[in-house]
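Visitor: Numbers 145 to 382, taken from this note's numbering, label the letters of the sequence shown in order. Cβ atoms here follow ideal geometry from the backbone N, Cα and C, with glycine treated the same way. One structure, as structure tokens, below. Some questions next.
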Amino acid sequence: MMRKILIVDDDQKTRSLLKTYLEKNQYEVKLAHNGESFLTEFQRYSEELSLVILDVMLPDTDGFALCKTVRQKSNIPIIMLTASSDDTDRIVGLELGADDYIAKPYNPRELLARIKAIHRRVGSETAGAPRFYRFAGFTMDTVERSVVDAEGELIALTGMDFQLLKYFVEHPGDILDRNVLSEETRGRDAGPLDRSLDVQISRLRLRLHDDGKQPQLIKTVRGAGYVFSADVSSGGAA
145 MMRKILIVDD DQKTRSLLKT YLEKNQYEVK LAHNGESFLT EFQRYSEELS
195 LVILDVMLPD TDGFALCKTV RQKSNIPIIM LTASSDDTDR IVGLELGADD
245 YIAKPYNPRE LLARIKAIHR RVGSETAGAP RFYRFAGFTM DTVERSVVDA
295 EGELIALTGM DFQLLKYFVE HPGDILDRNV LSEETRGRDA GPLDRSLDVQ
345 ISRLRLRLHD DGKQPQLIKT VRGAGYVFSA DVSSGGAA
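Printed below as a string of structure tokens:
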């Protein structure tokens with residue numbers, strides 16, 4: 145079955161070209177031209193969608209508002225398109241829960257690669273790996289792709305947040321450099337000026353109630369990367 149993607153972009157030519165290109169690569173594509181039509185299509189197909197692509201600049205709203213709305217309802221992967229060369233748009237999008245971003249103008253082949261990378265990470269699980277991990281009162285279910293706290297409350301995580309946390313709990317005590325973590329979550333190295341991984345780490349700490357000033361779970365190793373310092377156990381039922 146083809147994966148279904150919903151794209152919102154106010155440029156008709158861009159929408160049509162992207163739809164044609166992705167359909168040639170075995171994706172089913174739904175289109176929206178503004179925020180209102182996007183929300184209508186998202187409500188209609190939300191249970192079937194595998195990913196949404198949000199343009200930041202729209203005539204009736206912006207991609208940030210749509211990203212926030214989607215995140216309140218779903219953990220579906222989100223890619224944001226931004227025409228700004230400033231990192232601000234990208235950081236804001238990531239803080240609101242976007243999984244990746246790409247700057248305009250972009251090569252459709254690069255966007256396709258990003259889409260495939262997200263689907264590959266979200267859909268891949270190592271054969272024979274434990275289903276459950278437990279740490280600091282949290283329980284991670286790698287099949288349901290969910291994390292609950294000690295009271296059984298579900299922790300709101302994006303697909304990329306979950307993938308990053310999963311990599312941490314699979315490597316407790318290891319110092320993991322930024323390039324390794326960026327490759328694991330985004331399929332590419334972290335550039336020297338790329339703050340997206342740092343934003344994601346901060347967001348993950350916030351979700352896990354890990355004090356950003358004195359974190360106890362995800363610690364920064366200056367000049368080396370990050371280390372997951374919690375005791376982790378695995379296996380067994382939830």
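Apply the 10 Å Cβ neighbour rule to Glu192 and answer buried if 16 or more other Cβ atoms are within range, or exposed otherwise.
Guide: Per the 10 Å Cβ criterion, exposed.
Visitor: Taking all protein chains shown into account, do 16 or more other C-beta atoms lie within 10 angstroms of the C-beta of Glu328, making it buried, or fewer, making it exposed?
Guide: Classification of Glu328: buried, given that the 10 Å Cβ count is 16 or more.
Visitor: From Ser378 to Val371, what distance separates their C-alpha atoms?
Guide: The alpha-carbon atoms of Ser378 and Val371 are separated by roughly 18 Å.
Visitor: Assign Tyr189 to one of three DSSP states: helix, strand, or coil.
Guide: DSSP places Tyr189 in helix when its eight states are reduced to three.
Visitor: Please state whether DSSP places Val371 in a helix, a strand or coil.
Guide: DSSP places Val371 in strand when its eight states are reduced to three.
Visitor: Let me know the secondary structure DSSP gives Asp231 once reduced to three states.
Guide: DSSP places Asp231 in helix when its eight states are reduced to three.
Visitor: Which same chain residues end up closer than 8 Å to Leu238 when comparing Cβ atoms and leaving out the 5 residues on each side of it in sequence?
Guide: Same-chain partners within the cutoff: Tyr245, Ser340, Val343, Gln344, Arg347.
Visitor: Specify, as a first and last residue, the run of the beta strand (DSSP E) that Met224 falls within.
Guide: Start and end: 222-226.
Visitor: Return the Cβ separation of Gly241 and Ile262 in integer angstroms, given the expectation that the two are a contact with Cβ distance under 8 Å.
Guide: Actually they are not in contact, since the Cβ atoms of Gly241 and Ile262 sit about 14 Å apart, beyond 8 Å.
Visitor: Could you give the residue range of the beta strand (DSSP E) that holds Leu298?
Guide: Counting along the chain, Leu298 falls outside any beta strand (DSSP E), and DSSP gives it neither H nor E.
Visitor: Where does Ala242 fall in DSSP's three states?
Guide: Coil at Ala242, not helix or strand.
Visitor: Exposed or buried, what is Glu269 when buried is set at 16 or more other beta-carbons lying within 10 Å of its beta-carbon?
Guide: Any reading at Glu269 needs caution, since the residue's pLDDT is 47, under 50, leaving its predicted position unreliable; the model's value is listed next. The residue in question, Glu269, is exposed, as its Cβ has fewer than 16 Cβ neighbours within 10 Å.
Visitor: Just tell me which of Leu162, Asp153, Val196 has its CA closest to the CA of His177.
Guide: When only C-alpha atoms are compared, the closest one is Asp153.
Visitor: Under 7 Å Cβ to Cβ from Glu180, same chain only, skipping five residues before and after it: list those, please.
Guide: The answer, listed in chain order, is Asp204.
Visitor: Pull up the CB-CB distance for Phe182 and Leu210, whole angstroms please, since I reckon it's below 8 Å.
Guide: Contact holds; Cβ gap of about 6 Å.
Visitor: Can you grab the Cα-Cα spacing for the pair Leu350 / Val236, in whole Å?
Guide: Their backbone Cα atoms lie some 15 Å apart in a straight line.
Visitor: Kindly list the residues whose CB is nearer than 7 Å to the CB of Val287, restricted to its own chain and excluding five residues on each side of it in sequence; keep chain order.
Guide: Correct list, in chain order: Arg275.
Visitor: So, is Met284 buried or exposed, given that buried needs 16 or more other C-beta atoms within 10 angstroms?
Guide: Result: buried.
Visitor: Output the boundary residues of the alpha helix (DSSP H) element that contains Ser346.
Guide: Taken as a continuous stretch (DSSP letters only), the alpha helix (DSSP H) holding Ser346 covers 340-351.
Visitor: Are the CB atoms of Gly303 and Asp243 nearer to each other than 7 Å?
Guide: The answer is yes: Cβ separation under 7 Å.
Visitor: Could you tell me the distance, in whole angstroms, from the CA atom of Leu325 to the CA atom of Gln187?
Guide: Going by the C-alpha atoms only, they are around 33 Å apart.
Visitor: Just to confirm the assignment, what range does the alpha helix (DSSP H) spanning Thr364 have?
Guide: Unbroken run through Thr364 is the beta strand (DSSP E), 362-365; no alpha helix (DSSP H).
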